[in-house]
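Enquirer: Heads up: the sequence shown runs through residues -23 to -1, 1 to 88, numbered per mature numbering (1 follows the signal peptide of the UniProt record, and there is no 0).
Backbone N, C-alpha and C define an ideal beta-carbon position, used for all residues, glycine too.
I have a structure here, written as structure tokens, and I will follow up with some questions on it.
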Amino acid sequence: MNGQLIRHLLLATLLGLPVASWAEGAGDEVSAREIREVRVELKATVLKLVPERSNILVDQPGNAFLGWEAGPRLLSLADAKLMKKLEAGKEARLTIVAPKGASVGNVVAVR
């Protein structure tokens, strides 16, 4: 991977833009077929907390990068400690990691 690509990925991460990971072996070229995982940040309203399963139900605005339509979506928390930062009925900024094309994702950060 060349230095310019690394700088672009770091800048995108700092700006909160979607960043994708990919399989090695294609040199510096990345095709859509090789993208495995997507990381995005979005605002969503928490509808319900399910602490015994480390899940939350959110009403999210949709995300074209993930292929998600607007509406309710069940998400898993990567760490149960994130549950303390969430409250039903309140809006939260969630950082989500999801496999490409998946209908569910893991919340890895809450702000």
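So, with DSSP's three-state summary, where would you put R30?
Expert: Helix, per DSSP.
Enquirer: So A69 is in the beta strand (DSSP E); what residue range does that whole segment cover?
Expert: Segment E68 to P76, the beta strand (DSSP E) holding A69.
Enquirer: Return the chain-ordered list of same chain residues with a C-beta closer than 6 Å to the C-beta of A47, the five sequence neighbours on each side being excluded.
Expert: Answer for A47: P38 and G39, listed in chain order.
Enquirer: Would A65 pass as a contact of K25 if the rule is Cβ separation under 8 Å?
Expert: Yes, Cβ-Cβ distance for A65 and K25 is below 8 Å.
Enquirer: Quick check for students: name the residue ranges of the beta strand (DSSP E) that lie wholly in the stretch 12 to 61, counting only runs of 3 or more.
Expert: Complete beta strand (DSSP E) runs here, min 3: 12 to 27, 32 to 37 and 48 to 54.
Enquirer: To the nearest angstrom, how far is the alpha carbon of V81 from that of S31?
Expert: Roughly 14 Å between the two C-alpha positions.
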